[in-house]
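Student:
Residue numbers (this note's numbering), protein chains in the order written: chain A, 1 to 346; chain B, 1 to 513.
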């Protein structure tokens, strides 16, 4: 056993680890049972709590350190059996099994808990059948989530997606926003928990709040232009927000295309009037979506909303994805569908 | 489409998980007090940090003469820094700070309330739209009725436009008569629907989970009655003494401080019938009915009171109650109370509910323990095996969770049976931290959801239960130990011996603390 530096300082942690080369999945399952039994024998007083099976299939663009950092924060708060599946060159299956325990402390509460998991390294051919590697290792009766960190798809993505109750990804993780959105749609919008969308929770709240009054809602039918100002890396969430506004306002997105300054498009209101759509660079160095402006005809004052306070960051969006895995993200499928319509991808 | 043809429903609202409260102004009476510093201001900040406040949100601190905006804002920042769940971020504080105003004056002065009304109107004018107003009375209870009337007199009470709400902290009265009078006086100034009486226990996640546990898990419903349940024990134990609250506590005692409100609220949630739906008044109707069905206490045989003497807690010597600062040497105030209650209805006839609370007990723990009746036949008895009763324990604090105890065979050739526990702990099962109780309650009040607030009839029903005991303990001449005077118990022990005798008379014992 050894201290694990990746776990937050508040938790005092112990780690039991086993490594093997050229192993069989069934052997790994047996060894994990033995490790848990051995651990319980030490009578540490930890509650073995697992709420889900978390499968992780990172693309080549995700470093091991970045993944470890994210999972360390997760484990301290949400114990799961985590099974990471990565590609390596040798034509064999290697594995690391581990049990991590947070002992009662201000960071994790007085009870403490344990979680366990496996990191599997396999060649591309095996990964194309990753479901067969993972099945023996899952805790039965618990939901299975698949997390796809990064922009590049792992060979394990498809087979593991078939096992998953829900899939966590970030459509904004790639420079090719349209490809990121298309990937989400292919995996099934109702199963996908898109971090780009979950980061918009406060924006959606704020927009709903703004249109609570009937007089404000009436202006929706006079909107002639929708502008979003956002940082380049936030284009995916900004587009999803635009798609959502279009769909929920009862408009149709006719065209959407990328140009040098951002994205431009046009939509059609229910009365046949045209709505221009533009994603523009921000006026300041703010990292997120800076402002939403709906310009209304008849010389009226535009409806302008600035970035809400406390828009969830990546960590909180990830937490929300895991916590609410069992419910389709409200509005997401609609927003995605509207966008793909505009992109001509459907 | 013209304004008259606007969509009837907000098309965006359906994709929002949590509705934001409408534009609001929170007016805090007692803004420089301990409750505001430790709970209210941090709760406001935590809500802001969580993005759960409306864009147009203001705080108006009502303070005594001599307080100004700069001073109060500095005080608020300090309080938030010290007590908020979320770390103080300068960018967020910059959002909140300019939204804090102060109106200073004497609570008894009509001028103060006129100035307050003008300040609220000025805020609305600045914003270009009206905000609902919430008045939070974190002040001495003797000021509640006067403040409510004064607010009404300046047009901020019943039928106010923009709408108003009155949030009142416990204690709500000191006996049945005073609670009825207070309800009547507040009722003259505010409609009952505007009055939100706070019992912060109801804001705790585990207490709300009790409703989910009972009414969302079909397996327990057939067991939740006199046939399967042998007894219910509700414990609210504190290891702390009275701190600096001697002035309040010596007049109140354990019965008023905990049993009449927190413990009876927990009892009502355990005992209530299922509501038709989870709407405020339907839930509160059922809670009130459960409390109405509780037999008034017989002081001679249903209750025990105690008072702590010097002892040891956590390796530290601590003084007795009468040695605490501000407590009279001959104080008869109880720091421990245990009662046996019966509920006269079909579901609970014959099932005793034992409630206990105390200061300077060995540990801090609030829990509801439901002991199930033993199996009707014990086939292991001939082998000399004693089978422990099944027990369901709902821990409210400090470790929020649920534990189910059942019997299991000890591995080996002999038939030995031991109790084992299945644990569910909130902190280690759900990713999200539980919000503070005040955060939840404040947010609900902003949304106008009264489900977790006590209604006038609930408060009065609870007083009706404990009133005979108060009269006996405070008015009658000493008849026997435990009635006329509190029994002593050393600090750090589980309470006076009479508490054990109370249950022993029924052939039962308290669950070990």
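From the three backbone atoms N, C-alpha and C, an ideal C-beta is built for every residue, glycine too.
Roughly how many angstroms separate the alpha carbons of residue 324/B and residue 336/B, rounded to a whole number?
Tutor: Going by the C-alpha atoms only, they are around 16 Å apart.
Student: Note down, in chain order, every chain A residue with its Cβ under 8 Å from the Cβ of residue 51/B.
Tutor: Those are 201, 202, 205, 308, 309, 310, 311 and 312, listed as they occur along chain A.
Student: Would you report the Cα separation of residue 272/B and residue 287/B, rounded to the nearest angstrom?
Tutor: Each residue's Cα considered, the two are about 5 Å apart.
Student: What does residue 14/B reach in chain A if we use C-beta pairs closer than 9 Å?
Tutor: Near residue 14/B (Cβ distances below 9 Å), the residues of chain A are 208, 248, 330 and 331.
Student: Taking the Cβ atom as the reference point for each residue, do residue 121/A and residue 94/A lie within a distance shorter than 7 Å?
Tutor: Contact flag set, yes.
Student: Under the three-state reduction of DSSP, which class applies to residue 263/A: helix, strand or coil?
Tutor: In this structure, residue 263/A counts as strand in the three-state DSSP scheme.
Student: Using 7 Å as the limit for Cβ to Cβ distance, is residue 212/A near chain B?
Tutor: Yes, residue 212/A counts as interfacial toward chain B.
Student: Checking 7 Å against the spacing of the C-beta atoms, do residue 302/B and residue 270/B come in under that value?
Tutor: No; because the gap between Cβ atoms is not below 7 Å, this pair is not in contact.
Student: Can you check whether the CB of residue 438/B is closer than 7 Å to the CB of residue 39/B?
Tutor: For residue 39/B and residue 438/B, yes; Cβs fall inside 7 Å.
Student: Can you tell me whether DSSP reads residue 419/B as helix, strand or coil?
Tutor: Three-state result, residue 419/B: strand.
Student: I need the straight-line Cα distance from residue 86/B to residue 436/B, nearest angstrom please.
Tutor: Approximately 11 Å between the Cα atoms of the pair.
Student: Assess contact between the region 275-295 of chain B and the region 355-367 of chain B, defined as three or more Cβ pairs (one per stretch) separated by less than 8 Å. Is contact present?
Tutor: Judged by Cβ distances under 8 Å, the region 275-295 of chain B makes no contact with the region 355-367 of chain B, as fewer than three pairs qualify.
Student: Using beta-carbon positions only, say whether residue 456/B and residue 260/B come within less than 7 Å of one another.
Tutor: Not in contact: residue 456/B and residue 260/B (Cβ atoms no closer than 7 Å).
Student: Could you tell me whether the region 383-393 of chain B touches the region 404-420 of chain B, where touching means 3 or more Cβ pairs closer than 8 Å?
Tutor: Counting Cβ pairs under 8 Å, three or more are found: they touch.
Student: Taking the alpha helix (DSSP H) that residue 36/A belongs to, which residues open and close that run?
Tutor: 25-41 is the span of the alpha helix (DSSP H), which, as asked, contains residue 36/A.
Student: Return the residue from the list 295/B, 299/B, 237/B and 377/B that minimises the CA-CA distance to residue 494/B.
Tutor: Per the Cα distances, 237/B.
Student: Count the other C-beta atoms from every protein chain shown that fall within 10 angstroms of the C-beta of residue 413/B, then say buried if there are 16 or more, exposed otherwise.
Tutor: When all chains shown are included, residue 413/B counts as exposed.
Student: Does DSSP put residue 106/A in a helix, in a strand, or in coil?
Tutor: The pLDDT assigned to residue 106/A is 46, lower than 50, so where the model puts this residue is not dependable; a value taken from the coordinates is nonetheless given after this. The answer is coil: DSSP assigns residue 106/A none of H, G, I, E or B.
Student: Starting from the beta carbon of residue 244/A, find every residue of chain B whose beta carbon is closer than 9 Å, and list them in chain order.
Tutor: Correct list: 12 and 15.
Student: Kindly identify the DSSP beta-bridge partner or partners of residue 95/A.
Tutor: In the DSSP output, where bridge partners are listed per residue, residue 95/A has 20/A and 120/A.
Student: Could you tell me which whole beta strand (DSSP E) segments of length 3 or greater appear in the region 195-226 of chain B?
Tutor: If we require 3 residues or more, the beta strand (DSSP E) runs fully inside the region 195-226 of chain B come out as 195-198.
Student: Going straight from the alpha carbon of residue 158/A to that of residue 128/A, what length do you get?
Tutor: Rounded to the nearest angstrom, the two C-alpha atoms are 8 Å apart.
Student: Please say whether residue 15/A and residue 53/A have beta carbons closer to each other than 7 Å?
Tutor: No; because the gap between Cβ atoms is not below 7 Å, this pair is not in contact.
Student: Check each residue of the region 345-365 of chain B: if its Cβ is closer than 8 Å to any Cβ of chain A, include it; give the result in chain order.
Tutor: Residues passing the 8 Å Cβ filter: none.
Student: Per DSSP, what kind of secondary structure is residue 93/B in: helix, strand or coil?
Tutor: In this structure, residue 93/B counts as helix in the three-state DSSP scheme.
Student: Using the Cβ count rule (16 or more neighbours within 10 Å means buried), how would you classify residue 110/A?
Tutor: No answer about residue 110/A holds up, because its pLDDT of 48 lies below 50 and its placement is not dependable.
Student: Taking DSSP as the reference, what is the three-state secondary structure of residue 256/A?
Tutor: The answer is strand: DSSP assigns residue 256/A an E or B state.
Student: Nearest to residue 502/B by alpha carbon, out of 300/B, 210/B and 217/B?
Tutor: Per the Cα distances, 300/B.
Student: For residue 202/B, which of 268/B, 241/B, 158/B and 64/B has the nearest alpha-carbon?
Tutor: Ranking the options by Cα distance to residue 202/B, first place goes to 268/B.
Student: Can you tell me whether DSSP reads residue 183/A as helix, strand or coil?
Tutor: It is helical.
Student: Which word fits residue 209/B, buried or exposed, when buried means at least 16 other C-beta atoms lie within 10 angstroms of its C-beta?
Tutor: Classification of residue 209/B: buried, given that the 10 Å Cβ count is 16 or more.
Student: Just to confirm, are residue 372/B and residue 234/B a CB contact at a threshold of 7 Å?
Tutor: Their beta carbons are not under 7 Å apart, which means residue 372/B does not touch residue 234/B by this criterion.
Student: For residue 327/B versus residue 250/B, is the C-beta distance shorter than 7 Å?
Tutor: Against a cut-off of 7 Å, the Cβ pair of residue 250/B and residue 327/B comes out as a contact.
Student: Would you mind telling me which residues of chain A sit closer than 8 Å to residue 54/B, beta carbon to beta carbon, in chain order?
Tutor: Correct list: 209.
Student: Evaluate contact between the region 285-299 of chain A and the region 227-239 of chain A, counting only Cβ atoms and requiring at least three cross-stretch pairs below 8 Å.
Tutor: Cβ pair count under 8 Å is three or more, so yes.
Student: Let me know the beta strand (DSSP E) ranges lying completely inside the region 345-414 of chain B, each 3 residues or longer, listed in chain order.
Tutor: DSSP runs (the beta strand (DSSP E)) wholly in the region 345-414 of chain B: 353-358, 365-372, 391-397 and 401-409.
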